[in-house]
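Numbering (my numbering), first residue to last: 5 to 553.
Note that CB positions come from ideal geometry on N, CA and C, so glycine has one too.
Please read all numbers here as calculations on a predicted model, not as lab measurements.
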Ligand code: F6P
């Protein structure tokens with residue numbers, strides 16, 4: 005039976021018909037204890053669900069749905085290394101990447117805990133060599149700049165975390181610049197190469213598959229730049245200027261990165277779940293290996309909470325079920341991620357990949373098309389900037405949107421008073437916005453007399469996540485909470501969150517079109533197996549190139 009035909013789902017539908025009529029402002033005035041009842045804490049994170057359109061009974065019914073879907077067993081199955089990614093016949097063991105040492109976990113006869121720690125130890129060694137200036141460029145210069153070349157999971161996680169935790173770098177480490185290059189068109193790389201010094205620049209080519217054309221194109225350009233800037237053979241360049249991070253070592257060797265310059269991870273690490281592995285090399289270079297380990301420990305604390313806590317006080321479970329409630333029972337299909345801390349500027353993009361690449365699915369685990377909504381459309385921006393951009397739609401548009409507000413309670417504790425005031429300003433705005441979205445202009449005394457264009461209807465649900473402070477531990481816990489939320493939702497929706505077949509076909513079609521842009525290629529016509537739009541656009545480029553050549 006499909007989940008949307010099940011008793012627990014039907015009970016929620018019935019309940020929603022009643023609750024849909026209620027406004028959040030009435031729920032708050034009827035129950036002064038709402039915050040106490042709907043807020044939960046673990047691992048440095050406070051989760052406030054009181055501004056969600058639900059009652060205690062809703063949570064009870066959602067809990068019944070989770071139990072009906074055998075959530076507890078499925079959580080354990082993931083941690084134990086069972087095959088939870090059936091379309092690729094793999095476990096998904098990102099939790100093993102942050103598990104402390106000496107906790108054997110056997111998968112197909114291999115102790116993955118020991119493998120993970122061997123791989124991290126090699127990364128630690130390389131990081132220390134680079135920090136201690138023992139790693140040198142082709143002319144003996146110490147490395148001053150590092151460029152991570154990767155895309156998707158091999159870029160977004162390290163980039164986000166370097167920006168979030170950059171303040172944790174020591175003075176020695178701060179002297180090192182870390183850059184990120186992902187876009188296949190070369191614009192980021194071209195800009196960077198203009199200002200970097202070849203002899204003191206190290207490239208980390210991060211790619212699980214080592215076949216991603218975006219990454220290889222950037223790596224080839226970087227290699228050409230280094231070869232042109234030196235008079236040493238290419239193999240000396242790759243030896244001194246490239247580190248390969250991959251789950252496919254043979255491909256990295258084929259590209260030219262020697263084995264000793266490689267760091268390895270495994271096919272059971274999904275790309276978007278990989279920054280906890282050696283894909284986190286850039287993070288460790290930015291903040292130091294010890295802080296990288298603190299980040300893993302924070303995630304592990306959330307993992308333990310997720311694995312061991314009861315469903316009704318389990319943060320990732322509650323976060324997931326609340327969103328299931330919004331999507332499947334209140335028909336809300338847009339989700340804004342709004343951090344009120346500029347250090348979290350890349351969190352929205354990271355969550356866009358994590359959630360939409362994982363749960364953007366319309367076929368069940370058993371291969372049947374499904375008839376209920378899954379992942380919503382997710383987008384976001386640093387909250388204070390978004391206030392001046394798209395909040396108009398949140399407050400007065402026609403779409404229902406659920407929002408996540410994220411902020412640290414404390415910041416700038418040992419810094420200037422002005423900076424502390426700036427943090428207070430950000431917090432006041434964060435709370436004002438979620439309050440207005442929930443209650444509408446009922447927060448004002450004379451709102452009724454305002455003209456229609458000045459009215460705020462409210463009743464837009466939101467979750468507030470407060471960290472005590474932004475530290476490696478709390479940030480690790482925050483991201484692990486979102487990862488587990490995605491898994492819980494996939495269990496409810498009976499879909500596979502660990503594959504991404506929907507991005508494969510585009511790559512194949514691009515490969516088949518590539519040669520048409522070659523200078524020697526003949527005039528393109530719709531007869532060349534494409535539609536008239538694609539053919540017309542290719543001809544437009546071809547004609548312009550010929551005119552200008
Ligand atoms: O876009 C698809 C994808 O496979 C992502 O899942 C992944 O994070 C990204 O490409 C990069 O892949 P790789 O690390 O193999 O280069």
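- Shortest gap from the CB of residue 155 to any heavy atom of the ligand F6P: under 7 Å.
- Residue 362 and residue 167 have their C-alpha atoms some 24 Å from each other.
- For residue 480, the enclosing alpha helix (DSSP H) has its first and last residue at 476-497.
- The secondary-structure analysis by DSSP pairs residue 266 across a beta bridge with 248.
- The shortest C-alpha to C-alpha distance from residue 344 to any of 303, 244, 434 and 291 is the one to 434.
- Put simply, the backbone Cα of residue 497 is about 21 Å away from that of residue 57.
- Residue 61 counts as exposed, since fewer than 16 other C-beta atoms from the protein chains shown sit within 10 angstroms of its C-beta.
- Relative to the ligand F6P, the beta carbon of residue 151 is positioned no closer than 7 Å to any heavy atom.
- The alpha helix (DSSP H) runs lying completely inside the region 84-150 and spanning 4 residues or more are 98-102 and 116-135, given in chain order.
- For the ligand F6P, a non-hydrogen atom lies closer than 7 Å to the CB of residue 507.
- In the three-state DSSP reduction, residue 418 falls in the coil class, being neither helix nor strand.
- Residues of the same chain with a CB within less than 6 Å of the CB of residue 41, apart from the 5 flanking positions on each side, do not exist.
- As computed with DSSP, residue 466 is found in a beta bridge with 407.
- Per DSSP, residue 341 is not a residue of any alpha helix (DSSP H); the beta strand (DSSP E) it occupies stretches across 338-343.
- A direct Cα-to-Cα measurement between residue 320 and residue 234 gives close to 51 Å.
- By the neighbour-count definition (other C-beta atoms within 10 Å, threshold 16), residue 280 is a buried residue.
- With a cutoff of 8 Å on beta-carbon distance, residue 324 and residue 492 are scored as near each other.
- Counting along the chain, residue 161 sits inside the alpha helix (DSSP H) bounded by residues 160-169.
- DSSP places residue 330 within a helical segment (H, G or I) once states are collapsed to three.
- If you draw a straight line from the Cα of residue 394 to the Cα of residue 462, it is about 16 Å long.
- With a threshold of 7 Å, the Cβ atom of residue 212 counts as near the ligand F6P, since some heavy atom of the ligand is closer than that.
- Separation of residue 240 and residue 164 (C-alpha to C-alpha, rounded to the nearest whole angstrom) is 32 Å.
- One alpha carbon belongs to residue 468, the other to residue 406, and they sit about 11 Å apart.
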